[in-house]
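First residue of the sequence shown? That's 1094 in our numbering, and the numbers climb one at a time after it. Even glycine gets a Cβ: it sits at the ideal position worked out from N, Cα and C.
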Amino acid sequence: MNAQGLVPQEYTDDHVLVVPRAADDVPARAAAWFSGVRWVREAKARQTGAALVGARFRGVPRDETQPEPGILALGDARAVGPFEVTAAQASALGLRGVDLVGYALRTPVERGLPATTADADGLGRVFPEGLPVGRELGMLRWGVAVARALHGALVTSAGQVLRPDPSSVVDLTLFSAHPLRTAELLPLLRKVVPGARVVGEWTSAEGTPSAQLVGESQYDGAIQLDLSKVAEVPRALDAVPWRDYGPYSYRVRWVPVDEAELGVDSPSGTHVIARTRMRSVVARLTESLERRVGGVVVDEDGFVVDSRALRVRGVEVPSGRMWL
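As structure tokens, this is what we get:
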């Protein structure tokens, strides 16, 4: 199978990222992962010079505009787009009724043995003869992450379609300038996980605080909250004024009953049900922390999550509590 019919003919040899036009912020998403992101050639309208129609205008040329894709540099790789994706192609991708644009992802083909057996993105399934590695793997993982964030799809050069589930991203990290004591953190965690406890609290020789708290459930797993000071922050914060965040990270992580299911792209129904509940719990706790200490939230795919998106996640499950 190839990508014929799924993407425009000129891009069938490329991996293609397809996203809703209304949500297209691909350059910003690229800057969250790659250095040296810039337009080598900006997208622009192209004059076709087609003739005007009708007897009155017979033979008179008309300037009709069609979009000309730009070329976006992502380090030493390139993304060509945005270009039009037709309604028929959208339907073939399982995205019927959505106005879509595409980006061709161009990087050297590199195949080899995977560094890990975990494959939550499903790349091993769509590349059975050899998993991409190196720069190609990095580009594909980014493409999957963007498709997941924007409710889009990634079409491989072999015509395999990945439509990652946006709700599969659960963990969040808040970066703030203000550390809280465990006596302040524990009540926040207990609002969403009754019976939560402090695992440990430490202070370095320099006076830097760190702590770990956990709230457990027999069926949904656990929520783990880690406070620490970090030497580096995610690349996504490069675009955020430094006064808006700080060096302290509050990592809010879901630990499922069977952690091995985090590494597969088709987990069990039980795992998905628990994940749905815990995604809401994680969001509510992170929102409480953000209101208390300020800062900027980044998800496990490395993208900034604004306050509105955080609130939406928090109400995806009405109770916002884990199943105890």
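| task | To the nearest angstrom, report how far apart Val1285 and Val1374 are at their CA atoms. | result | Val1285 and Val1374: Cα-Cα distance of roughly 6 Å.
| For Thr1249, which option in His1108, Phe1396 and Arg1234 has the closest C-alpha, if you only look at C-alpha atoms? | The candidate whose alpha carbon is nearest that of Thr1249 is His1108.
| request: Given a cut-off of 7 Å, decide if Arg1114 and Asp1169 are closer than it, judged by their beta-carbon atoms. | output: Arg1114 is positioned such that its CB atom lies no closer than 7 Å to that of Asp1169.
| query | What's the C-alpha gap between Arg1171 and Asp1118? | reply | Rounded to whole angstroms, the gap between the alpha carbons of Arg1171 and Asp1118 is 16 Å.
| Nearest-angstrom Cα distance between Pro1257 and Ala1238? | So the alpha carbons of these two residues sit roughly 8 Å apart.
| request: Classify Ser1297 as helix, strand or coil using the three-state DSSP reduction. | output: Here Ser1297 carries a coil assignment [DSSP, helix/strand/coil].
| Tell me the DSSP bridge mates of Val1130? | BP columns for Val1130 are empty, so no partner.
| task | Taking 7 Å as the cut-off, decide whether the C-beta atoms of Leu1282 and Leu1320 are in contact. | result | Judged by their CB atoms, Leu1282 and Leu1320 are not nearer to each other than the 7 Å cut-off.
| query | Alpha carbon to alpha carbon, what distance is there between Tyr1312 and Val1130? | reply | Near 43 Å, if we compare the C-alpha coordinates of Tyr1312 and Val1130.
| Exposed or buried, Ala1144, counting other C-beta atoms within 10 Å across all chains shown (16 or more means buried)? | Annotation note: pLDDT 47 at Ala1144 (below 50); position unreliable, no value reported.
| said: Once the 5 residues before and after Asp1337 are set aside, which same chain residues still bring their CB inside 6 Å of it? | reply: For Asp1337, where only same-chain residues beyond five positions count, the Cβ hits under 6 Å are Val1389.
| task | Given a cut-off of 7 Å, decide if Leu1247 and Leu1240 are closer than it, judged by their beta-carbon atoms. | result | With the sequence shown as reference, residue 1240 is identified as Ala, and Leu is not the correct amino acid for it. Cβ atoms of Ala1240 and Leu1247: closer than 7 Å.
| Does the beta-carbon of Ile1316 have 16 or more other beta-carbons within 10 angstroms, so that it is buried, or is it exposed? | Flag for Ile1316 reads buried.
| query | Can you tell me where the alpha helix (DSSP H) with Trp1235 in it begins and where it stops? | reply | Secondary structure note for Trp1235: its alpha helix (DSSP H) is the uninterrupted segment Gly1227 to Leu1243.
| request: Just mark Pro1287 as buried or exposed, buried being the case when its beta carbon has 16 or more other beta carbons within 10 Å. | output: Sixteen is the threshold: since fewer than 16 other Cβ atoms of the shown chains lie within 10 Å of the Cβ of Pro1287, the residue is exposed.
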